[in-house]
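Residue numbers (this note's numbering): 10 to 460.
C-beta: ideal position from N, C-alpha, C; glycine also.
Structural data, given as structure tokens:
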């Protein structure tokens, strides 16, 4: 059988892979793309988008609760099945639409993870193919937990597709996913426990912002075990018992379902990268400023799978895809990676968000910094929703009068953080922000009071 040859072969159909494949096809290149799961990637099918549907629903529950006795006389009933049907209106069509759009561009589609045979040769669906350029955009997957009874663990995908809610559940890991799902489940009446190996969850966030989130979560009924490493899951009659080592002491707790939310790792193990002479590390595919692999220069990586300085966040996928596209198609003025400040949000309720440097990092990098922080629960934005938590910590470089870090907690900070991103990416000064006219009353206007 003849070996089919392509100008570019893309592995992964999320945002970055889809963008690169489409651009190359539009340029007249012969393109193939492959995925071992449904087309469209994690975010649209089994990540950010469906999660936000569920979290938005529970935000509504919390806001309704806040208004009980202030106009609301009866709290709404929860129908998890109806919510899941609504969620599917966002996800069901994603694979079909992605496949249709790629086919219309003349791209060859494969439904298996390829394996490298050599630097330019892949094996996929029992066929051998060659490609001048290979783009790896496979994203990340749940980090395996190699503990006794680990076969009983469920993943974030299982949570998003639960047909009915159990009475109790345990999350092993207190990162983004663990806390977001814990808030969703707890607001729907589930007894929730979080087992986390660190002193606090969300260790990349400022402690002054995370501490009130933890306290609010406890008030919500979420039980935490910190400094605890899960080491065994025991199946009982209809529930599971999880054992953990908490600083030398054995603890245990029980629930109907147990979820692994201990983080994510690059999805690269099926690719046989060694045969393709592709350099990689536990952080992902090794890349330079061109997002090119240094040991196999015909290979590029973008999105969460790339071991680049950018955070593993959805907005980075199209940004990095644009760099790869430029490297492949631009004859001159090829783009290289220069990462702007990147905002991130955890969709608990209240949300937490940050961008830029922490106070510790700022003090290490700059001599003259100013910290503006405070409790804003009495500000109109929080008060008109009867929110119990709203606070901020802003770090300003005094010499340039520019913001170098922003750390926020509150129900509207997922939007406010984008204003800080705009200011920081464009070197807008504190004075310029203060002189800007903002609509009132809005969350966005609070940025002026914060600085």
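Item, Value
"Run through the DSSP bridge pairs and tell me what residue 360 is partnered with.", "419"
"Return the first residue and the last residue of the beta strand (DSSP E) that residue 408 is part of.", "Careful: residue 408 lies outside any beta strand (DSSP E) and carries neither H nor E."
"First and last residue of the alpha helix (DSSP H) that includes residue 63?", "57–75"
"Just list the alpha helix (DSSP H) runs in the region 162–239, keeping only unbroken ones of 4 residues or longer that don't cross its boundaries, in chain order.", "165–169, 185–196, 216–228"
"Once DSSP output is grouped into helix, strand and coil, what is the label at residue 414?", "strand"
"Suppose contacts are defined by Cβ-Cβ distances below 8 angstroms. Is residue 433 in contact with residue 412 by that definition?", "yes"
"For residue 453, which residues in the same chain have their Cβ closer than 8 angstroms to its Cβ, ignoring the five residues on either side in sequence?", "424, 425, 428, 447"
"Residue 143 to residue 316, Cα distance in whole Å?", "16 angstroms"
"What residue from 167, 185, 192, 174 has the CA that sits closest to residue 68's CA?", "192"
"Using only the alpha-carbon positions, how far apart do residue 437 and residue 385 sit?", "24 angstroms"
"Taking the C-alpha atoms as reference points, what is the distance between residue 37 and residue 15?", "11 angstroms"
"Scan the region 333–394 and note each continuous alpha helix (DSSP H) run of 4 residues or more that stays entirely inside, going in chain order.", "368–374, 389–392"
"Should the region 399–414 be called in touch with the region 357–368, which here means at least 3 C-beta pairs below 8 angstroms?", "yes"
"When every heavy atom of the ligand NAD is checked, does at least one fall within less than 7 angstroms of the C-beta of residue 292?", "Among the components of this structure there are no ligands whatsoever, and the ligand NAD is therefore not found."
"Just to confirm the assignment, what range does the beta strand (DSSP E) spanning residue 259 have?", "258–264"
"Using DSSP with H/G/I as helix, E/B as strand and the rest coil, what is residue 48?", "coil"
"Measure the C-alpha to C-alpha separation of residue 184 and residue 82 and round it to an integer number of angstroms.", "35 angstroms"
"Can you tell me the Cα-Cα spacing of residue 29 and residue 391, whole angstroms?", "42 angstroms"
"Thinking residue 240 and residue 252 are a contact (beta carbons under 8 angstroms), I'd like their distance in whole angstroms, please.", "6 angstroms"
"Check whether the region 274–286 and the region 188–204 touch, using three or more Cβ-Cβ pairs below 8 angstroms as the test.", "no"
"Measuring straight from C-alpha to C-alpha, what distance separates residue 255 and residue 237?", "4 angstroms"
"Is the region 292–304 close to the region 336–346, with three or more CB pairs under 8 angstroms?", "yes"
"How is residue 255 classed by DSSP in three states: helix, strand or coil?", "strand"
"CA-CA distance, residue 87 and residue 199?", "12 angstroms"
"Would you mind sorting residue 245 into buried or exposed? The rule is 16 or more other CB atoms within 10 Å of its CB.", "exposed"
"Starting from residue 126, trace the beta strand (DSSP E) in both directions and tell me its first and last residue.", "124–127"
"Among 65, 129, 47, whose alpha-carbon lies nearest the alpha-carbon of residue 306?", "129"
"Whose CA, out of 337, 294, 335, 338, lies closest to the CA of residue 318?", "294"
"Check the DSSP bridge columns for residue 293 and list the partner residues they point to.", "290"
"Can you have a look at residue 12 and say buried or exposed, based on whether 16 or more other CB atoms are within 10 angstroms of its CB?", "exposed"
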